[in-house]
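Here the numbering used here = 1-based position in the sequence shown + 87.
Heads up, the beta-carbon is just placed ideally off N, CA and C, and yes, glycines get one too.
Remarks on the structure that follows.
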Amino acid sequence: MKRYFKRVKNLLKGSKGFTLLELIVVIAIMGFLVAMIAPRLAGVVSGAVRNTDDSNMQRIAGVTSTFNEKTGRLPNDLTNLVVETGGSYEMPSVSDADPATKEGLSADLVNGLGLKLHYLTAAEADELKQMGITHVRNFNPSVGVDEKFSGANPDAPYMNRIEVDEDVPVLMVGAGYDGSWSSNISSGTDLKAPEMAYRVVLGVGPESELVTSGQVQNAALSPGGITSSEHFLFNNYLLVLPRLKATVDDATGDRELPAYEITAVGQPTGEEKTINLEETQASWQFATVGPQGALWPAGGADYWTINEVS
Numbered sequence: 088m089k090r091y092f093k094r095v096k097n098l099l100k101g102s103k104g105f106t107l108l109e110l111i112v113v114i115a116i117m118g119f120l121v122a123m124i125a126p127r128l129a130g131v132v133s134g135a136v137r138n139t140d141d142s143n144m145q146r147i148a149g150v151t152s153t154f155n156e157k158t159g160r161l162p163n164d165l166t167n168l169v170v171e172t173g174g175s176y177e178m179p180s181v182s183d184a185d186p187a188t189k190e191g192l193s194a195d196l197v198n199g200l201g202l203k204l205h206y207l208t209a210a211e212a213d214e215l216k217q218m219g220i221t222h223v224r225n226f227n228p229s230v231g232v233d234e235k236f237s238g239a240n241p242d243a244p245y246m247n248r249i250e251v252d253e254d255v256p257v258l259m260v261g262a263g264y265d266g267s268w269s270s271n272i273s274s275g276t277d278l279k280a281p282e283m284a285y286r287v288v289l290g291v292g293p294e295s296e297l298v299t300s301g302q303v304q305n306a307a308l309s310p311g312g313i314t315s316s317e318h319f320l321f322n323n324y325l326l327v328l329p330r331l332k333a334t335v336d337d338a339t340g341d342r343e344l345p346a347y348e349i350t351a352v353g354q355p356t357g358e359e360k361t362i363n364l365e366e367t368q369a370s371w372q373f374a375t376v377g378p379q380g381a382l383w384p385a386g387g388a389d390y391w392t393i394n395e396v397s
C-alpha cells in the first residue's frame, strides 16, 4: 500500500499525470471503500440519534418526576394531538413516504403505539384535573404553520388552549372511544408497548408548564425528527399518562373495554408476558416516548405480537 501511494505521489509530481487505467483503478478503490464505510457510518448516525433520544427522554422523565414530587401533580398545558375542524375533532394527518408534503404526526408513532381518538368521560376529565392537567393545547397544524403541511386545516388557532372537560378528545394508546370503541388490541396485532393500552398521550411542547415554569429551558426536539422534518411536523417528546381509574370504572354498557387482559410475545426475543389492562396507576406512573415512537427505557423486544385476548 505504501508503494502504491508513493507511485501516486510520483505521478502527481510528474508532467504525465494519471493514465486512464490508473484513474479507473483509483475510482474503483474509492467506490469500494465508500461501499464498505457507508453502512457503518449509517449505523453510527442511527446509534447517535437513539442515544440522544434516550438522553432527552430520561431528562424529561427526571424533570417531570421532580415536578410531581414537589407539587403532587403533573405539568399543565401539554400538547393535545388533535385537530379542531368543522365543529368536530380528528387525529392529525399521518406521515407517508412523500417528502413533497408534510403531515402532522409520524407514522411510526401512530402505528407503533396504535393511537386512537378517544373522547373523555366527565369522570376521566375530573381525574386528569386532579392530576394537575386542567388545560391542554390543541395541536391544530396547518399551512399557516408550515406551507408544506398536508391534512385537514383547523378552524381554531395553532396550540389553542382549552379546558379539560367531558367530550374533549385526546389520543389514547391501543384503543379509543368515539361513539364506539376503535381498537388495535386484538390477536395478531403488533404494538411497541401493549402494556400502555388505554393510556392518554400528550406532548411536552414549548407551551407546557415544564418550560414556562423554568423546569427546563426549552422543549427538546428529537434529532430523528429533525432529519425527517420533510415528513411530519410534531417533533417534541411525549408523556404517556397513567391509566385512569375512570377509564376502567366507566367500562360498562357500550363503553365496556375491548380487552381486559392480554398475552403478548416479544419480537424477536420470544419473551412472553401477560398484561392486566384493568390495573390503574398513580400520577407518578407516567412514561416518556419519542415523536417517532421510541420508548424509554427501550427494553429487549422491538415490538410485541398480541396472541391472546380476554
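Between which two residues does the alpha helix (DSSP H) carrying Lys-216 extend?
On the sequence shown, position 129 is the one that residue 216 refers to. Here the alpha helix (DSSP H) through Lys-216 covers 209-217.
Leaving out the 5 sequence neighbours to the left and right, which residues in its chain are closer than 7 angstroms to Pro-345 when beta-carbon positions are compared?
Looking up residue 345 in the sequence shown gives position 258. Excluding sequence neighbours, Pro-345 sits near Ala-262, Trp-268, Ser-270, Ile-272.
Taking the beta carbon of Ser-180 as the centre, do at least 16 other beta carbons fall within 10 Å, making it buried, or is it exposed?
Looking up residue 180 in the sequence shown gives position 93. Under this definition Ser-180 is a buried residue.
My assumption, with CB atoms under 8 angstroms, is that Glu-171 sits in contact with Asn-227. Please give the rounded CB distance.
Sequence index remark: in the sequence shown, residue 171 carries index 84 (1-based). Sequence index remark: in the sequence shown, residue 227 carries index 140 (1-based). Sure, about 6 angstroms apart at Cβ, within 8 angstroms.
When DSSP labels each residue in this structure, what does Glu-156 get in the three-state scheme?
Counting from 1 along the sequence shown, the entry for residue 156 is found at position 69. Note: Glu-156 maps to helix in three-state DSSP.
In terms of alpha-carbon separation, which member of Val-251, Asn-247, Ala-187 lies closest to Asp-233?
Within the sequence shown, the letter at position 146 stands for residue 233. Nearest of Val-251, Asn-247, Ala-187 to Asp-233, Cα basis: Ala-187.
By how many angstroms is the C-alpha of Gly-118 removed from the C-alpha of Val-251?
Residue mapping note: residue 251 aligns to position 164 of the sequence shown, counting from 1. Residue mapping note: residue 118 aligns to position 31 of the sequence shown, counting from 1. Their backbone Cα atoms lie some 58 angstroms apart in a straight line.
Based on DSSP bridge pairs, tell me the residues matched to Met-259.
Start at 1 with the first residue of the sequence shown, and residue 259 comes out as number 172. Met-259 is bridged to Lys-203, Val-287.
CB of Ala-212 within 9 angstroms of CB of Val-255, strictly
The sequence position of residue 212 within the sequence shown is 125, counting from 1. The sequence position of residue 255 within the sequence shown is 168, counting from 1. Cβ distance < 9 angstroms, so Ala-212 and Val-255 count as in contact.
Does Thr-139 come out as helix, strand or coil in the three-state DSSP assignment?
Here residue 139 refers to the residue found at position 52 of the sequence shown. Taken through DSSP and simplified to helix, strand or coil, Thr-139 comes out as helix.
Can you list, in chain order, the residues of its chain whose CB lies under 7 angstroms from that of Asn-305, leaving out five sequence neighbours each side?
Translated into the one-based positions of the sequence shown, residue 305 becomes position 218. Excluding sequence neighbours, Asn-305 sits near Pro-293, Val-298.
DSSP bridge partner residues for Leu-165 (one or two, in chain order):
In the sequence shown, counting from the first residue as 1, residue 165 sits at position 78. In the DSSP output, where bridge partners are listed per residue, Leu-165 has Val-223.
So, Arg-160 versus Gly-219, is the Cβ gap smaller than 9 angstroms?
Position 73 of the sequence shown, counting from 1, holds the residue named residue 160. Position 132 of the sequence shown, counting from 1, holds the residue named residue 219. Yes, Cβ-Cβ distance for Arg-160 and Gly-219 is below 9 angstroms.
Does Gly-353 come out as helix, strand or coil in the three-state DSSP assignment?
Stepping through the sequence shown from its first residue, residue 353 is reached at position 266. Note: Gly-353 maps to strand in three-state DSSP.
Helix, strand or coil for Ala-374 per DSSP?
Locating residue 374 in the sequence shown gives position 287, counting from the first residue. Reduced to three states, the DSSP call for Ala-374 is strand.
Proximal residues to Glu-395 (C-beta, below 6 angstroms), its chain only, five neighbours per side dropped:
As a working mapping, residue 395 is identified with position 308 in the sequence shown. Taken in chain order, the residues that qualify are Thr-350.
Work out the CA separation of Arg-330 and Ala-209 for me, nearest whole Å.
Reading the sequence shown from its first residue, position 122 is the one you call residue 209. Reading the sequence shown from its first residue, position 243 is the one you call residue 330. Distance between the alpha carbons of Ala-209 and Arg-330: 16 angstroms.
Under a Cβ-count criterion, where at least 16 other Cβ atoms within 10 Å of its own Cβ denotes burial, should Gly-340 be classed as buried or exposed?
In the sequence shown, residue 340 corresponds to position 253, counting from 1. Gly-340 should be labelled exposed.
When you compare the CB positions of Val-223 and Ile-249, do they come within less than 9 angstroms of one another, or not?
Stepping through the sequence shown from its first residue, residue 223 is reached at position 136. Stepping through the sequence shown from its first residue, residue 249 is reached at position 162. Going by C-beta atoms, Val-223 is nearer than 9 angstroms to Ile-249.
If you draw a straight line from the C-alpha of Tyr-324 to the C-alpha of Ile-116, how long is it?
Against the sequence shown, residue 324 aligns to sequence position 237. Against the sequence shown, residue 116 aligns to sequence position 29. Between Tyr-324 and Ile-116, the C-alpha separation is close to 43 angstroms.
Keeping to the same chain, check which residues put their C-beta closer than 8 angstroms to that of Val-230; ignore five residues upstream and five downstream.
Here residue 230 corresponds to residue number 143 of the sequence shown, with the count starting at 1. Cβ neighbours of Val-230 beyond the five flanking positions: Phe-236, Asn-240.
If you measure between the beta carbons of Val-327 and Thr-367, is that distance less than 9 angstroms?
The residue labelled residue 327 in the question sits at position 240 within the sequence shown. The residue labelled residue 367 in the question sits at position 280 within the sequence shown. Their beta carbons are not under 9 angstroms apart, which means Val-327 does not touch Thr-367 by this criterion.
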